[in-house]
Amino acid sequence: MHKPRTKRFQQNTRTKGQIAVLRHWSTTKMALHALQINLKRSKDAHDLLYKSREHLGGDLVLVSEPNKNYIGAGRWITDNKKDSAIRVRKYIPIHYRGSGSGYC
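FYI, the numbering for the sequence shown is 81 to 184, going by the working numbering.
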């Protein structure tokens, strides 16, 4: 079975003494770009995420430990405790939304 080639971008940044790691994956055979980051509840890391998403063109954003003030509205799908979140662009339809404890 042929494995699709992927490009990987990784950037480390320090935000108030914490390390936030941003990962970007995209495949050459698919049009979907995903960004994954652990924000450690940092507002500065959220700002980095938004800037990186504009630059890298992330269609799907997977977030661990988001700042709860930033994910209250919009197209954020969260678990019950808001410890993880998923956001998709407007042009990607969401057919089902559900959440649970520890699951988006």
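By construction, the Cβ of each residue, glycine as well, lies at the ideal position given by its N, Cα and C atoms.
Note that this is a predicted model, so its numbers are computed, not measured.
{"query": "Find the nearest neighbour of A165 within the set G152, N149, N147 and V143, judged by alpha-carbon distance.", "result": "V143"}
{"query": "Can you name, in chain order, every residue of its own chain whose Cβ lies under 7 Å from the Cβ of S181, other than the five neighbours on each side?", "result": "D159, N160 and K161"}
{"query": "Using DSSP bridges, identify the partner residues of R167.", "result": "V141 and W156"}
{"query": "Helix, strand or coil: which one does DSSP assign to H175?", "result": "coil"}
{"query": "For the alpha helix (DSSP H) containing L128, name the first residue and the last one.", "result": "K123 to L136"}
{"query": "Is N118 helix, strand or coil when you go by DSSP?", "result": "strand"}
{"query": "If G138 and L115 are in contact, beta carbons under 8 Å, what's the gap, nearest whole angstrom?", "result": "4 Å"}
{"query": "Less than 8 Å between the C-beta atoms of L140 and L112, yes or no?", "result": "yes"}
{"query": "What distance in whole Å lies between the Cβ atoms of R177 and I157, which are believed to be in contact at a cut-off of 8 Å?", "result": "6 Å"}
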